[in-house]
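Working notes, beginning with the structure itself.
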Amino acid sequence: QDLFPGGEYSVCDSISVWLGNLTKATDIAGNEVEVLPEVKIDNVRKRQFFYETTCRVATPPGGCRGIDSRHWNSYCTNTHTYVLALTKSKEQMAWRLIRINAACVCVLSRKSWRH
2 QDLFPGGEYS
12 VCDSISVWLG
22 NLTKATDIAG
32 NEVEVLPEVK
42 IDNVRKRQFF
52 YETTCRVATP
62 PGGCRGIDSR
72 HWNSYCTNTH
82 TYVLALTKSK
92 EQMAWRLIRI
102 NAACVCVLSR
112 KSWRH
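Taking this note's numbering, I'd label the letters of the sequence shown as residues 2 to 116.
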């Protein structure tokens, strides 16, 4: 459980990791591209790493923490961001924006009204 100072909890538990073995990704145009394992800068080889945050549990039992399930449907889902990566697509190497998981958020929908 993600516990914040003051006894606060996140509505969706997440986990963050450094990815150093990403081989495929989706670019900002929606194309699947190959992520190159290393970047050469000033004749020095550097490995590409990406910091990714994902939901621990995609659909926790009972929905998101702290949400009144009598009135709301809820579930946790990953949101995305785009970061620069050295990639290859159709034999062309280029720096492209690729999509990675950035956060775990709660999605709400109101249950049907009944009076």
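From the three backbone atoms N, C-alpha and C, an ideal C-beta is built for every residue, glycine too.
Cutoff 6 Å; reference residue i; Cβ partners in own chain excluding five residues on either side
i: Arg46; result: Glu39
i: Thr60; result: Tyr76
Nearest candidate by alpha-carbon position, reference residue i, set the options
i: Asp69; options: Glu53, Ser110, Lys91, Cys56; result: Ser110
i: Gly31; options: Ser113, Ala104, Lys112, Arg97; result: Arg97
i: Val18; options: Ala26, Arg57, Cys107, Thr27; result: Arg57
i: Leu20; options: Val106, Ile101, Ala59, Cys105; result: Ile101
i: Leu87; options: Gly8, Ala26, Gly7; result: Ala26
Same chain, Cβ closer than 8 Å to residue i, five either side skipped, listed in chain order
i: Gly67; result: Tyr10, Val12
i: Trp73; result: Gly64, Leu109, Ser110, Arg111, Lys112
i: Ser1; result: Past the boundaries of the shown model lies residue 1; the chain is included only from 2 to 116, so the question cannot be answered.
Secondary structure of residue i, DSSP reduced to three states
i: Asn188; result: Residue coverage of the chain in this structure runs from 2 to 116, which leaves residue 188 outside it and unanswerable.
i: Ala30; result: coil
i: Arg66; result: coil
i: Leu20; result: strand
i: Arg100; result: strand
i: Gln49; result: coil
i: Glu35; result: strand
Sequence-distant residues of its chain with Cβ nearer than 7 Å to residue i (five each side left out)
i: Ala103; result: Thr54, Thr80, His81, Thr82
i: Arg48; result: Gly21, Pro38, Glu39
CB of residue i within 8 Å of CB of residue j, strictly
i: Val34; j: Thr24; result: no
C-beta neighbour in chain C for residue i, strict 8 Å
i: Ala26; result: As a matter of chain content, chain C is missing from the structure shown, which is built from one protein chain.
Can at least three beta-carbon pairs, one atom from the segment 52–60 and one from the segment 26–41, be found at a separation below 8 Å? no
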